[in-house]
Amino acid sequence: FPHRWTVEAARIWVLSMVRWYHRLGKDHPLAQQIDQRLRQDLTGLVVLGTGLEAVNNPELLSQLYFLVLDLGRVGLELGELDKVAELDRALDEFEQTRLPGIKAKLEKSLKPRFHSLGIAFSLENGDLARLLSGHQRLKARLALAQGAAGASQHLQRAAALLEKAPDVRGEVDLHSLAGQALLRLKPQGWVQRGLEQADELQHLSQRTSSRLALVEGQALRALVLAQSGAPEAVKALEEASSALESMIAESGAADPEQLLNLGQRSQQVYAELLRLYADQKATAQALATLGRQQAAERVVGFAALAAPADSSAAAAVEASRERNRALQDELEAQQALPAEERDPEVTQKLASSRAEFYAAVRDLRASDPDYAATLAVDPVDFTSLQKRLPADTVLLEPYPGEDRLLLFAVTSGTFEMYSVPIRAEAITALVKQFRRSPPAASFSWDSVAGKELLKVLTQLDAALLEPADSLLQGKQRIAYVPSGILHYFPLQAAARLKNGRPEFVAERFEVVNFTRTGDLLLEAHKPVSKTLLALGNPDGSLPEAEVEARQVGGLFPGAEVLVNQAATEEGLLAHHAPGYLHLATHGVLVARDLNSSYLVLAGAGEKARFRADEVLRMNLDDTDLVTLSACETALGEYQPGANVSSLAEAFALAGCHSVLASLWKVSDASTKDLMVSFYSNLAKGMTKGQALRQAQVELLGGKYPHPYYWSSFVLIGDWR
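Numbering (the working numbering), first residue to last: 2 to 721.
Written out as structure tokens, the structure reads:
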């Protein structure tokens, strides 16, 4: 019969394939193959886990349970509530009809073996109780997500099951989930009960040395205090956010599920802190908090990326992180030992190791600040940032909050915070409506569809720009740092009515995007060469991309153009840091897993996929611009809960000064026209920001008035 590790590997494989299938989407060429293989493997696991083999090898049953519970967690994460409910019903049916018979057979088979060893045997303890508790917690999560009653009853059952089979991670999850339920539902006495759950987490941490319990307890206490209006809430939130930042930085990608949960918890804490600072009109503190929130989001999103191979400083950081994890595991494991057998120096060793980790991160910031920004939260120095903002530039930073939108506007002389009465759900609805409005064959702003789209774009302009109109007067450029759903909307497409027609932001300003505020601290770069390397249409499916690559190459003397089968990874890497790197090819972006994102190149198998970790190994310090003239290379389709990480950021981390990338699947023909216009403007001596604005205005004033065609590309980074 299969061993535990074999079945566990199968479980991990199936779970990974489910995530991969969802990321690719059902229309992807590989999706059908993955779906068929998944069905075969799931059927095999179900047969193993519930058939005769399970009687002789109960690990098969437990691994099947773990798989279904994992699938339920992933489904909740992805918002697939119907599928989670289907899994829940399947588990209910199994527990009611099949499990009693399997338990009877297992007890008959195993009880004599344990009895002969003098050990009392009961299936009600151990893994089975933990698994059943996990199912009850899944039920509670589903009830909360659906807004249905019953979460508290499921949590009570989960707690009773854990009493039979103590499990630290399960207990942390139980108390955290109970606290989240109280915050969501706010029943009578919720404040006191929420603080009691936080106390339980603190006691669990003291009893087991679980750092996760400690940090979750701090976060829950701070959230309860904030939502109940307690005067000490700000201090508690600051302490909780610092604790979360430290644990996120020190955890890395060793436990992806824990990292994701910590990231989500930190976003809750930052949101409450922002709300309270906004209520206090504490603009500087609110802006600093938003900067930390963006930095934490980047650390979580890039945690799985491999360190640069040639960086000794990065290697020192990773080695220190590994020591931290090992010592924390040792500290927690010691709690099961008699007091006289515990090593009293482990706590001191762990504190010393953590200090070494942050010292290594500081060293790395000096040699590779971009990579260091993916490892730990580095607060933004707003005094330096404001001093270095050009006089013709306004920083706009909107944050969609639960009850209002906060709009931060910063110039070299002042900064303001505006409270705009529009809720996050309304902003989300507007952005989704914009993304769902593809152009008709003969689009007109006078059509019904055109008027509906214009209504959306003017509402977004009213929320994102109108409050800061006085600061925008006379400015040339907007440095735009979006948050949440606004990452998926190009600011240049917002519009206001002028003489009965839309006037777009692109017609009024240059727009340059940044993923976090600290990225605006632009360094002075030495002049780079104007050489250009263009790759296009590597798989033969984008004929316009081949024309695009050739036309762009023709604008720069000495340009190298690689198309069709010549557009290979070897051809790309053979050219050291061209001034401009233009990649006219398909891009596959996986928002939840940057390592799975890739650009399509010529070749077979893996050679045809140029992945994010390979991008990071490039040295693009002398490259002024990378253009990703491909599908969805900046973000792709909106996925709730996804971290904002992208191929564009991977190229930025590799050292290039700016990236031009797309927010959605773009039209082949309009992309070619936009790119040729953009590079023609560059060749004439325009800055990158000016060149993109001019190209977009040219397209929208011609045969491509719909923003789908001209606004999909955003400039990220240095606009100069």
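Think of the CB as a built atom: it goes at the ideal place given N, C-alpha and C, for glycine as much as any other residue.
All values derive from a computational prediction rather than experimental measurement.
So, is residue i buried or exposed, given that buried needs 16 or more other C-beta atoms within 10 angstroms?
| i | result |
| --- | --- |
| P641 | For P641, the predicted model reports a pLDDT of 43, less than 50, meaning its position is unreliable; a value from the coordinates is still stated below. Exposed, by the Cβ-count rule. |
| D89 | buried |
| T384 | exposed |
| K715 | Residue identity check: residue 715 is Val in the sequence provided, not Lys. Burial call: buried. |
| N729 | For the chain, the structure presents residues 2 to 721; residue 729 sits outside this window and is missing. |
| S437 | The sequence given here has Arg at residue 437, not Ser. When all chains shown are included, R437 counts as exposed. |
| P401 | buried |
| E734 | For the chain, the structure presents residues 2 to 721; residue 734 sits outside this window and is missing. |
| E172 | buried |
| L82 | exposed |
| P708 | buried |
| E246 | buried |
| T394 | buried |
| E273 | buried |
| G292 | buried |
| D369 | buried |
| F115 | exposed |
| P539 | buried |
| A149 | exposed |
| Q157 | exposed |
| V449 | exposed |
| G135 | buried |
| G76 | buried |
| V645 | Only weak support is given to the placement of V645: the predicted model assigns it a pLDDT of 47, under 50, and the question is left unresolved by the model. |
Based on the DSSP secondary-structure assignment, which residues constitute the bridge partners of residue i?
| i | result |
| --- | --- |
| T569 | A603 |
| T394 | R478 |
| G80 | Answer is none; G80 lacks a bridge partner. |
| L407 | Y400 and S420 |
| H583 | A535 and T628 |
| L496 | Per the sequence shown, residue 496 should be read as Ala rather than Leu. According to DSSP, A496 bridges with F505. |
Can you tell me the Cα-Cα spacing of residue i and residue j, whole angstroms?
| i | j | result |
| --- | --- | --- |
| Q695 | Q286 | 37 Å |
| D280 | R194 | 26 Å |
| L215 | L118 | 39 Å |
| A220 | S242 | 8 Å |
| T459 | Q493 | 12 Å |
| V56 | V85 | At V56 the pLDDT is 45, less than 50, meaning the model places this residue with poor confidence and gives no usable figure here. |
| L693 | F679 | 5 Å |
| S252 | R322 | 7 Å |
| L288 | A296 | 12 Å |
| P188 | T290 | 30 Å |
| A250 | E607 | 31 Å |
| E549 | D669 | 9 Å |
| L701 | V432 | 20 Å |
| L72 | L675 | 43 Å |
| A374 | A315 | 12 Å |
| A91 | A367 | 54 Å |
| E240 | L186 | 25 Å |
| L100 | K112 | 17 Å |
Under 8 Å between the Cβ atoms of residue i and residue j?
| i | j | result |
| --- | --- | --- |
| L277 | A237 | no |
| G485 | A425 | yes |
| L145 | A160 | no |
| A603 | A567 | yes |
| F611 | E570 | yes |
| S671 | W711 | yes |
| N565 | G541 | yes |
| V421 | A392 | no |
| S713 | L664 | yes |
| L621 | A662 | no |
| R222 | A244 | no |
| L129 | L70 | no |
| D447 | A495 | no |
| G218 | S206 | yes |
| T516 | L582 | no |
| E508 | V698 | yes |
| E511 | Q477 | yes |
| L683 | L648 | no |
| V270 | V225 | no |
When you compare the CB of residue i with every CB in chain B, is at least one pair closer than 8 Å?
| i | result |
| --- | --- |
| A603 | Although the question refers to chain B, the structure presented lacks it and comprises just one protein chain. |
Three CB pairs or more closer than 8 Å across the segment 364-384 and the segment 330-339: no
Sufficient close CB pairs (3 or more, under 8 Å) joining the segment 651-667 to the segment 599-619: Note that the segment 651-667 touches the segment 599-619; at least 3 beta-carbon pairs, one per stretch, sit closer than 8 Å.
Meets three-Cβ-pair contact criterion under 8 Å: the segment 570-580 and the segment 534-545: Three or more Cβ pairs closer than 8 Å define a contact, and the segment 570-580 meets that threshold against the segment 534-545.
At least three beta-carbon pairs within less than 8 Å, the segment 339-347 to the segment 356-370: no
Meets three-Cβ-pair contact criterion under 8 Å: the segment 401-413 and the segment 467-474: These segments touch.
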